[in-house]
Amino acid sequence: MSSHAQPQTLYGVPHSLYTGIARCYLRTQGIAYSEIPTTHADFSQRIVPAIQRSIIPVLETPQGEIVQDSLDIIDHFEAQGVPYSAYPAGLLQRVLSVIIAYYGTQAMLPHAMHYRWSYRDQQDDFLRDQFAAGAGEAMADKIMARMNSYLPQLGVDEHTIPEIEASFLQLLNTLNAHFAEHPYLFGGRPSLADYGLIGPLFAHLGRDPVPGHIMKTRAPKVFRWVERMTAPGLDTPEFPDYGDDYLADDAIPATLEPLLQQIADESFPMLTDKLAFMDGLIEKYQPADGQPVSPKPHQRYVGVVDTAFRGMPVKAGVQPYLLYVLGKADRMLAEGSAEEQARVREALAARGLAEALPGERGYSVDRRNHIEVWARP
Ligand SMILES: N[C@@H](CCC(=O)N[C@@H](CS)C(=O)NCC(=O)O)C(=O)O
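Per my numbering, the sequence shown starts with residue 50, numbered consecutively.
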């Protein structure tokens, strides 16, 4: 059992993408917690003033420490030691787990939001029920309208929708084949990659009626992985002799290669365009170290780029947060020996993923006082 005897408090709701990431992690590690919705007075009276915006998930420890951000919540517990660390020992697996986490938490936002909000006629009763349970009847309509309004800045439009749907089906096919052979992406326990993908694949694509039906009927093994990720501990009855460690020797399973190919195909040129946009912002405004990335804490987008998704032109909003995620991969790589770094760079280049590492740009994105800020050397 867990060494965390007193329960943690997790502020969140069942249908929230990022809350799911933190919740799956707590359950896998056997960390006792209770989940409290944002309607609770504690959230508005204590948590929001402390974190400067209304956002979930938020962890409050029994000692009163407050942690916002799904990945920071993971790192908070990693630092204390957990039964199933989310960071593989192999440097390539570790770096790829960050890139896959980026794909899940950032690149799949259009998939999640499209399937949630473009099929209102078929799932409105379900969504209304979920939002009312999480935020109260009075607030449900307002929050639903706000979430629905995010589609244009996510690049969800009549031209991209067929590509977003093709991307979802391709992902399901790949993962269905992978999870027939392995319980998790890199072997016998979930890594940051699994936690990144579970965000969209649980809250939206795994449980909203329209995409949930597609997942169950077309990719039953993916549905089982979603259950496995949300279960306590490791839930692997299909793999009795598999063991609970990552694949040895930093191996990348053959069944994962199509996923890495899809991530490379879909990340470029969009990621490069977004990074170039941020380079331009920094060049123009020369923010000081520690300056928030946007004027108001709840603003996540700093601009819009003309780019492409699977060959389709699209306007996409730029979130500095993506650099917060991908910067982790650069830092991990820097910890390896020169030989190891060369091996990993070569492996990334062979998969078209070399440019997924932002590299040294004269700035990075950090989080201070719960807010994303520009970090300067
Ligand atoms: N980077 C944050 C993102 C959290 C986030 O976007 N949470 C959504 C719910 S899934 C939210 O609170 N949105 C509030 C809003 O957009 O107004 C994390 O990983 O925790």
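We put the beta carbon where it would ideally sit given N, CA and C, even for glycine.
(request) Would you list the one or two residues that DSSP bridges to Gly236? (result) Tyr233 and Tyr295
(request) Run the CB neighbour count on Ser52, radius 10 Å, all protein chains shown included, and call it buried at 16 or more, exposed below. (result) Bear in mind that the predicted position of Ser52 carries a pLDDT of just 48, short of 50, making it unreliable; the figure below should be weighed with that in mind. Ser52 should be labelled exposed.
(request) Hey, could you find the ends of the beta strand (DSSP E) Val354 is sitting in? (result) Val353 to Phe358
(request) Report yes if the C-beta of Asp338 is less than 7 Å from at least one heavy atom of ligand 1; otherwise report no. (result) no
(request) Look at the alpha carbon of Lys377 and the alpha carbon of Val131, and state the distance between them as a whole number of angstroms. (result) 20 Å
(message) Check for me: the alpha helix (DSSP H) holding Tyr82 runs from which residue to which?
(response) Careful: Tyr82 lies outside any alpha helix (DSSP H), inside the beta strand (DSSP E) at Tyr82 to Ile85.
(request) Report all residues from its chain with a CB closer than 7 Å to the CB of Leu305; omit the five preceding and five following residues, and keep chain order. (result) His227 and Leu234
(message) Please tell me whether Arg400 and Ala313 are closer than 8 Å, where the distance is taken between their beta carbons.
(response) yes
(request) List the whole-angstrom C-beta distance separating Gln155 from Leu308, where the pair is believed to meet the contact cut-off of C-beta under 8 Å. (result) With a Cβ gap of about 16 Å, Gln155 and Leu308 do not count as contacting.
(message) Quick check on this structure: which residue in Glu395, His163 and Cys73 has the alpha carbon closest to the alpha carbon of Pro211?
(response) His163
(message) Please report the distance separating the alpha-carbon of Pro346 from that of Arg417.
(response) 12 Å
(request) Select from Leu397, Tyr334, Pro56 and Val205 the residue whose C-alpha is nearest the C-alpha of Pro111. (result) Pro56
(request) Can you list the residues near ligand 1, meaning Cβ strictly closer than 5 Å to any non-hydrogen atom, in the order they appear in the chain? (result) Ser65, Leu66, Tyr67, Ile104, Ile105, Asp118 and Ser119
(message) Going residue by residue through the stretch 79–161, where are the continuous beta strand (DSSP E) segments of at least 3 residues, counting only ones entirely within it?
(response) 82–85, 107–109 and 115–117
(request) Give the straight-line distance between the Cα atoms of Met50 and Val147, rounded to the nearest whole angstrom. (result) Note that Met50 scores 41 on pLDDT, short of 50, meaning its location in the model is unreliable and no value can be drawn from it.
(message) Is the beta carbon of Leu397 closer than 8 Å to that of Ala403?
(response) yes
(message) Spatial neighbours of Phe288 within its chain, please: C-beta separation below 7 Å, excluding the five flanking residues on both sides.
(response) Pro232
(request) Could you tell me which residues DSSP puts in a beta bridge with Ile70? (result) In DSSP, Ile70 forms no bridge with anything.
(message) If I measure Cβ to Cβ from Gly352 and keep anything under 6 Å in the same chain, skipping five residues before and after, which residues do I get?
(response) Phe326 and Val367
(request) Can you grab the Cα-Cα spacing for the pair Val354 / Pro201, in whole Å? (result) 12 Å
(request) Would you list the residues sitting across from Val414 in a DSSP beta bridge? (result) DSSP, once it has assigned bridges, lists Trp423 as partnering Val414.
(message) Along the chain, where does the alpha helix (DSSP H) containing Leu246 start, and where does it finish?
(response) Leu241 to Ile247
(message) For a quick check, are the C-beta atoms of Gln172 and Val62 less than 8 Å apart?
(response) no
(request) Would you mind stating whether Pro106 and Ile96 have Cβ atoms separated by less than 8 Å? (result) no
(message) Does the structure place the stretch 265–279 close enough to the stretch 314–324 that three or more beta carbon pairs sit under 8 Å?
(response) No, because fewer than three Cβ pairs between the stretch 314–324 and the stretch 265–279 fall closer than 8 Å, the two stretches do not touch.
(message) Let me check understanding here. Comparing Cα to Cα, which of Phe180, Gly153 and Asp294 lies closest to Tyr136?
(response) If we check each option's Cα against that of Tyr136, Asp294 comes out closest.
(message) Give me, in chain order, the residues of the same chain whose beta-carbon lies closer than 6 Å to that of His125; leave out the 5 immediate sequence neighbours on both sides.
(response) Val116
(request) Just grab the DSSP bridge partners of Gln365 for me. (result) The question names Gln, but residue 365 is Ala in the sequence shown. Note: Ala365 sits in a beta bridge opposite Val354.
(request) Could you tell me whether the Cβ atoms of Leu375 and Tyr151 are closer together than 8 Å? (result) yes
(request) Kindly give me the distance between the Cβ atoms of Pro159 and Ile213, rounded to whole angstroms, as I take these residues to be in contact under 8 Å. (result) 5 Å
(request) Taking only the alpha-carbon atoms, compute the straight-line gap between Asp118 and His419 and give it to the nearest angstrom. (result) 8 Å
(message) Pull the bridge partners of Pro341 from the DSSP assignment, please.
(response) Val422
(message) By the DSSP assignment, the beta strand (DSSP E) with Gln57 in it spans what residues?
(response) Gln57 to Tyr60
(request) Below 7 Å CB to CB, which residues in the same chain sit around Gly185 once its five sequence neighbours on both sides are set aside? (result) Thr88
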